[in-house]
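Working notes, structure below.
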Amino acid sequence: MSLSSRSYVGVTAGASAAIAAGILAAAPPAQAATQTFRNVETQRYLNAQTNRDVKTVPDRPGTAIWVPIEHSGHRMLKNNSTGQCLDSNANKYVYTNPCDRNNKNHQWAILRHNGKILFKNSATGLCLDSNVNGTVYTNTCQMTNRYQQWG
């Protein structure tokens, strides 16, 4: 192989690598893993309804799948079926709304207790809570309250 052939091969290989790197750099980020959240006490799954209601349900339908989105040290929980995020207000209501990274009501701190998690709302300081009837609301955080623990 002549010197000019080797130079051409080297330039071609270098250009191919640069093009491949550019394609990889332009690729969109991978979607976060989906999760389900099951209440420790009731064994019911956190579920979003198409009418923005949030309940817990005994089985695991597609509307009980969530995509955690990291934001400023907190998580937004986007429902995989509705595309809306878990939301709450000072009146302790829990529902879904279009996701807004600037809305602290959409942001949840993750508290850990004995291998389980609690979701603490960044705006209200209240934790996600539930009961045996499937109602979901927020309440004062109690680390040992099994109705506030999710697995």
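Position 50 of the sequence shown, counted from 1, bears residue number 106 in my numbering, the numbering being contiguous throughout.
Cβ coordinates follow ideal geometry from the N, Cα and C atoms, glycine included.
This structure is a prediction, so every number in the text was calculated from the model and none was measured.
Taking residue i and residue j to be in contact with their CB atoms under 8 Å, please state how far apart those CB atoms are, rounded to whole angstroms.
i, j, result
"T98", "I121", "At roughly 18 Å, the Cβ-Cβ gap does not stay under 8 Å, so T98 and I121 are not in contact."
"R94", "W206", "7 Å"
"K172", "C197", "Not a contact, Cβ separation roughly 13 Å."
What are the boundary residues of the beta strand (DSSP E) that includes residue i?
i, result
"C19", "Residue 19 cannot be examined here, being either before or after the span of the chain that is shown, 57 to 207."
"L133", "H130 to N135"
"L102", "Y101 to A104"
"T112", "V110 to V113"
Assign residue i to buried or exposed, taking buried as 16 or more other Cβ atoms, counted over all protein chains shown, within 10 Å of its Cβ.
i, result
"D156", "exposed"
"P84", "Confidence in P84 is poor, its pLDDT being 40 and thus under 50, which makes the residue's placement unreliable; the coordinate value appears in the next sentence. So P84 counts as exposed."
"N161", "buried"
"A81", "A caution first: A81 carries a pLDDT of 40, below 50, which makes its placement in the model too unreliable to give a value."
"T194", "buried"
Give a yes or no on whether the minimum CB-CB distance between residue i and chain C is below 7 Å.
i, result
"T200", "As a matter of chain content, chain C is missing from the structure shown, which is built from one protein chain."
Can you check DSSP and say which residues form a bridge with residue i?
i, result
"N187", "BP columns for N187 are empty, so no partner."
"N177", "W164"
"T152", "L142"
"P124", "L133"
"Q91", "W122"
| request: Say whether the segment 95-115 touches the segment 175-188, bearing in mind that this needs 3 or more beta-carbon pairs closer than 8 Å, one atom from each stretch. | output: yes
| message | Below 8 Å, how does it come out for the segment 106-122 and the segment 131-138: are there three or more Cβ pairs, yes or no? | response | yes
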